[in-house]
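So my numbering is basically just the index in the sequence shown, starting at one, shifted up by 11.
Below: one structure, written as structure tokens.
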Amino acid sequence: MEYILKHKDVEVAGLSFNDKNIIDNIVTVYNKDHFPAGVVQEDGRIHVGRIEDWWVGRGIPGERERFYEVLKEINVKNKNELLIKSFGISLTDHYWVCPKDVHLKWKEVNFYENDFSFDIGDAFFYRSKKDTYNLRAPDNSSDGKLIKRWSVIDGKRMLIKGGSSGNYQEPFNEAITSSICQRLNIPHVKYDLLYEDGEYYSICENMTNGEYELVYASHIFEALYRNINDSFYRHYIKCCDKLNIKNIIDRLNKMMVVDYIIANTDRHFSNFGAIRNSETLEYVYPAPVYDSGTSLWHDKNINDINENGIIGTKCFESTHFAQIKLVTDFSWYDKNKLVGIEDEYLELLLKNAHFEIERKKRLALALRKRIEMLDAFIKSSRPQNIS
Ligand SMILES: Nc1ncnc2c1ncn2[C@@H]1O[C@H](COP(=O)(O)OP(=O)(O)OP(=O)(O)O)[C@@H](O)[C@H]1O
Ligand SMILES: [Mg+2]
């Protein structure tokens, strides 16, 4: 079956899909500039494997909690079938696929302006089963492991996200990270707690809109071939410079500091990126800090909470000890702005019924200790006065 890959209404390429709804070929190239970032290589050649990966990566990942249960409930064979039923439309970027010979416009199909179904999101959130499911939803193309659903509140597109079974701590971590960013004046997606059906979730506004879309760091990373001598960090800066993404060093400094404080173990290359205008293709700014919930020992028992231990990052370096050394400037950082943050965290955690008070207190203390460790690092890395 042939579809036209579109970026809003710009025709990008004719794509053939196999019977498993996976792209098996690029039939025609209409507009190279508008291919998803990273698909066209530095030398101008189209990397067919990357467009296939891009499509598959667009669907709900198999590790999403309750994923196979939900597919069964809604009677859909696999994630690609689910994806194609909503033309791959998301609320994060402006790509979609339109069946060849069907004449549809972005204005008629996009979810920024048009209503969408809540059925898939509801199915993930254990809401009551239906006889038939309306599959026109941005939930079919939402990334990430945690259960989540898009909703509309007062006309705003809002993402509601759960925690992982066990401690269900991620929504609380999102909320405290928002507060840290707010206090330090770091651009961020603001997450609040939402209490619904006896459980806490995080809720945030869409960081994109009908004009601006999110491009993942993993796709930005493909803008240039990596010189074997360049670190991931150095290479990423070079790619951002090539794409003219401004302010990147400052914003990465801030992200790495926040991640150090919260001991974020999951800042992989889809958990940061940049925002661009989907018509001019101009990058306007690095994406605000988002998806910081996999942090603060969310999956650890009280005895395994160790603020001094080796903590992985999945980002530019493998540990925070190594990564914090990449921060080029701390002059903007004011630790006084974080006074009392551990009490604020404890107050949030007290709402969580899934684990005991001792662990909550230990987490609040660990957060304070990370701030002190950062302070010690900053002091030790200042040039010493040699007299
Ligand atoms: N505020 C937002 N506005 C627009 N798109 C968003 C927003 N938050 C998340 N997304 C999109 O949804 C995806 C999944 O969200 P998120 O990364 O928060 O989920 P997750 O389940 O915690 O992910 P992970 O698997 O990285 O832990 C993001 O990668 C991004 O594409
Ligand atoms: Mg994520």
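A virtual CB, placed ideally from N, CA and C, is assigned to each residue, including glycine.
Flag G351 as yes when its Cβ comes closer than 7 Å to any non-hydrogen atom of ligand 2, and as no otherwise.
-> Against the sequence shown, residue 351 aligns to sequence position 340. Outside the cutoff, so no.
Could you tell me whether the Cβ atoms of I198 and P299 are closer together than 8 Å?
-> The residue you call residue 198 lines up with position 187 of the sequence shown. The residue you call residue 299 lines up with position 288 of the sequence shown. Per the sequence presented here, residue 198 reads as Pro, with Ile not at that position. Yes, Cβ-Cβ distance for P198 and P299 is below 8 Å.
Measure from the alpha carbon of D345 to the alpha carbon of each residue in D386, K172 and F78, then state which is nearest.
-> Taking the first residue of the sequence shown as 1, we reach residue 345 at position 334. Comparing Cα positions, the closest option is D386.
Those runs of the alpha helix (DSSP H) which lie wholly inside the stretch 36 to 85 and span at least 4 residues | 59 to 69 and 78 to 85
Within 10 angstroms of the Cβ of W66, are there 16 or more other Cβ atoms? Answer buried if so, exposed if not.
-> Here residue 66 is taken as the residue at index 55 of the sequence shown, counted from 1. Flag for W66 reads buried.
Ligand 2 heavy atoms versus the CB of G155: any closer than 7 Å?
-> As a first step, residue 155 is located in the sequence shown; it is residue number 144 there, counting from the start. Yes.
Which of helix, strand or coil does DSSP assign to L16?
-> The sequence position of residue 16 within the sequence shown is 5, counting from 1. Reduced to three states, the DSSP call for L16 is strand.
Flag Y301 as yes when its Cβ comes closer than 7 Å to any non-hydrogen atom of ligand 1, and as no otherwise.
-> The count along the sequence shown starts at 1 and reaches residue 301 at position 290. The answer is yes for Y301.
What separation, rounded to the nearest whole angstrom, lies between the Cα atoms of K31 and L82?
-> For the purposes of this step, residue 31 is identified with residue 20 of the sequence shown, where counting begins at 1. For the purposes of this step, residue 82 is identified with residue 71 of the sequence shown, where counting begins at 1. Cα to Cα, K31 sits roughly 15 Å from L82.
From N86, R61 and N91, residue whose alpha carbon lies closest to that of G73 | Here residue 73 is taken as the residue at index 62 of the sequence shown, counted from 1. If we check each option's Cα against that of G73, N91 comes out closest.
With respect to 7 Å, is the separation between the Cβ of M218 and the closest non-hydrogen atom of ligand 1 below this value?
-> Working through the sequence shown from its first residue, we reach residue 218 at position 207. Yes, Cβ of M218 sits closer than 7 Å to a heavy atom of ligand 1.
Spatial neighbours of M12 in its chain, beta-carbon cut-off 6 Å, leaving aside the 5 residues before and after = Numbered from its first residue, the sequence shown carries residue 12 at position 1. Hits under 6 Å: F28.
Does ligand 2 have a heavy atom nearer than 7 Å to the CB of Q281?
-> Position 270 of the sequence shown, counted from the first residue, corresponds to residue 281. In the sequence under discussion, the amino acid at residue 281 is Ser, which differs from the Gln named in the question. Yes - ligand 2 has a heavy atom lying nearer than 7 Å to the Cβ of S281.
Got a sec, what are the start and stop residues for the alpha helix (DSSP H) D203 sits in?
-> Reading the sequence shown from its first residue, position 192 is the one you call residue 203. First-last for D203: Y202 to E207, but that is the beta strand (DSSP E), not the alpha helix (DSSP H).
Just to check, is the beta-carbon of L307 closer than 7 Å to a non-hydrogen atom of ligand 1?
-> As a first step, residue 307 is located in the sequence shown; it is residue number 296 there, counting from the start. Checking the Cβ of L307 against ligand 1 gives no.
To which residues of the same chain is S329 closer than 7 Å at the C-beta, ignoring the five residues directly before and after it?
-> Here residue 329 is taken as the residue at index 318 of the sequence shown, counted from 1. Same-chain partners within the cutoff: G323.
Looking only at DSSP bridge pairs, what is A333 linked to?
-> Position 322 of the sequence shown holds residue 333. Paired residue(s): none; A333 is not in a bridge.
Comparing alpha-carbon positions, which option in N86, N178 and Q193 lies nearest N145?
-> What you label residue 145 is simply residue 134 of the sequence shown in a count that begins at 1. Per the Cα distances, N86.
Which partner residues does S27 have in the DSSP bridge list?
-> For this step, residue 27 is matched to residue 16 along the sequence shown. Answer is E13 and N36, bridged to S27.
Where V350 sits in the DSSP three-state scheme = Taking the first residue of the sequence shown as 1, we reach residue 350 at position 339. Here V350 sits in coil by DSSP.
Are the stretch 103 to 116 and the stretch 126 to 138 touching, with three or more C-beta to C-beta distances below 8 Å?
-> Not touching, per the Cβ criterion.
Starting from the Cα of S153, find the closest Cα among E353, Y223 and I95 and give me that residue.
-> Against the sequence shown, residue 153 aligns to sequence position 142. When only C-alpha atoms are compared, the closest one is I95.
Cα-Cα separation, I62 to F388 = In the sequence shown, residue 62 corresponds to position 51, counting from 1. In the sequence shown, residue 388 corresponds to position 377, counting from 1. Their Cα atoms are separated by approximately 42 Å.
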